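Written out below as structure tokens is the structure these notes cover.
Residue numbers (UniProt numbering): 1 to 311.
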């Protein structure tokens, strides 16, 4: 290989290196650069530590070390009581009870926006769902404090204002990184007959369940004390009987021991005493006749066996 060929190879190698370097730089540049639009904010995490970047324009990150999540900060919204896409009513969300015990269908539209992207991403798993549950709870509570005429006609603005204030206060307490922009009543009207019948069927089933539970609790509360009292009485009677028998047995043992001690001291006298005591127990109930018809030795016969126990 002559000198010209060697120079050509060297030149080609340099060009290849430059091209590869340019490609690598372009790839790294593409992986490093990101753009923040006017209605966006970014959260850059470095080794898992998040940091908010809010200035719009072109920004760069360290590839493989930093990650970027874009957060839309425009005003968004969701519906309560109806499907936002189809407009179909969702009765389980919209059907409510007023303070004067009337039913009403109320549809709301809730608007919110992200105010802190870091908290929005990391303070909770689903801040929008939390906001929706919070809004539904506040709505039902407030609608339930107004009469049906106010909900349908004159009280809408007041209800909206009160609900907005309560939700805003709750969001500030929970600090989810989102804020309430507005909440409005889209529609409020009495329910249809079909909805009322379905609702009443559900309520009847609930009441039947509660009645059964209450009856069971009542039966338990009435019968359990009586059963416990009976068990307690039986236990006390058994204990009393046991103690009486123990006392009787102990008394008999004590009398036997005392008699035995007397017997050891005076056997003959003790035998006579025992004989006389036995006679005292037997003779009062024994009827006798004296047979002296033939003279001589008198016979004393017990009459009870002959009379068969007759008095």
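A virtual CB, placed ideally from N, CA and C, is assigned to each residue, including glycine. Note that the structure is a prediction, hence the values are computed from the model and not measured.
Please report the straight-line C-alpha distance between residue i and residue j, rounded to a whole angstrom.
| i | j | result |
| --- | --- | --- |
| residue 149 | residue 187 | 13 angstroms |
| residue 168 | residue 73 | 18 angstroms |
| residue 220 | residue 76 | 54 angstroms |
| residue 225 | residue 237 | 18 angstroms |
| residue 239 | residue 249 | 15 angstroms |
| residue 92 | residue 159 | 20 angstroms |
| residue 71 | residue 32 | 18 angstroms |
| residue 36 | residue 47 | 21 angstroms |
| residue 107 | residue 163 | 14 angstroms |
| residue 262 | residue 235 | 40 angstroms |
| residue 124 | residue 179 | 14 angstroms |
| residue 110 | residue 67 | 32 angstroms |
| residue 277 | residue 243 | 28 angstroms |
| residue 175 | residue 216 | 45 angstroms |
| residue 153 | residue 228 | 59 angstroms |
| residue 259 | residue 241 | 27 angstroms |
| residue 57 | residue 63 | 19 angstroms |
| residue 129 | residue 79 | 12 angstroms |
| residue 274 | residue 268 | 10 angstroms |
| residue 303 | residue 257 | Residue confidence is low: residue 303 scores 49 on pLDDT, short of 50, so the model does not pin down where it sits. Its coordinate-derived value is still stated next. Roughly 37 angstroms between the two C-alpha positions. |
| residue 165 | residue 139 | 12 angstroms |
| residue 49 | residue 65 | 11 angstroms |
| residue 89 | residue 231 | 59 angstroms |
| residue 155 | residue 103 | 16 angstroms |
| residue 157 | residue 172 | 23 angstroms |
| residue 271 | residue 246 | 28 angstroms |
| residue 255 | residue 265 | 16 angstroms |
| residue 210 | residue 39 | 52 angstroms |
| residue 59 | residue 114 | 21 angstroms |
| residue 69 | residue 213 | 52 angstroms |
| residue 61 | residue 34 | 8 angstroms |
| residue 151 | residue 122 | 38 angstroms |
Does the Cβ of residue i have 16 or more other Cβ atoms within 10 Å, making it buried, or fewer, making it exposed?
| i | result |
| --- | --- |
| residue 120 | buried |
| residue 116 | buried |
| residue 222 | exposed |
| residue 251 | exposed |
| residue 127 | buried |
| residue 131 | buried |
| residue 87 | exposed |
| residue 191 | buried |
| residue 94 | buried |
| residue 84 | exposed |
| residue 82 | buried |
| residue 310 | With a pLDDT of 45 at residue 310, under the threshold of 50, the modelled position of that residue is not reliable, and the figure given next carries that caveat. When all chains shown are included, residue 310 counts as exposed. |
| residue 112 | buried |
| residue 253 | exposed |
| residue 208 | exposed |
| residue 298 | Note on residue 298: pLDDT 49, under 50, position unreliable in the model; no value is reported. |
Just to confirm, does residue i get its C-beta within under 7 angstroms of one of the non-hydrogen atoms of the ligand NAP?
| i | result |
| --- | --- |
| residue 144 | With respect to the ligand NAP, the structure shown offers nothing to examine, as it has no ligands at all. |
Using DSSP bridges, identify the partner residues of residue i.
| i | result |
| --- | --- |
| residue 80 | 108 |
| residue 36 | 57 |
| residue 128 | In the DSSP output, where bridge partners are listed per residue, residue 128 has none listed. |
| residue 113 | 179 |
| residue 103 | 97 |
Does the CB of residue i have a neighbour CB from chain D at under 8 angstroms?
| i | result |
| --- | --- |
| residue 65 | Looking for chain D here will not work: only one protein chain is present. |
(request) Flag this pair as touching only if the segment 142-152 and the segment 81-99 have three or more C-beta atom pairs under 8 angstroms; answer yes or no. (result) The segment 142-152 makes contact with the segment 81-99: 3 or more CB pairs, one atom from each, lie closer than 8 angstroms.
(message) If we require 3 or more residues per run, which beta strand (DSSP E) segments fall completely within the segment 138-195?
(response) Unbroken beta strand (DSSP E) stretches of 3 residues or longer found wholly inside the segment 138-195: 178-189, given in chain order.
(message) Does the contact criterion of 3 or more C-beta pairs under 8 angstroms hold for the segment 30-44 versus the segment 52-59?
(response) Touching, per the Cβ criterion.
(message) If we require 3 or more residues per run, which beta strand (DSSP E) segments fall completely within the segment 38-96?
(response) If only complete runs of 3 or more residues are kept, the segment 38-96 shows the beta strand (DSSP E) at 40-46, 49-53, 57-60, 66-72 and 76-80, in order along the chain.
(request) Indicate whether the contact test is met: 3 or more Cβ pairs, each with one atom in the segment 126-138 and one in the segment 177-184, closer than 8 angstroms. (result) Short answer: they touch.
(message) I'd like the ranges of any alpha helix (DSSP H) spanning at least 4 consecutive residues and lying wholly in the segment 219-268.
(response) Entirely contained in the segment 219-268, not one alpha helix (DSSP H) run reaches 4 residues.
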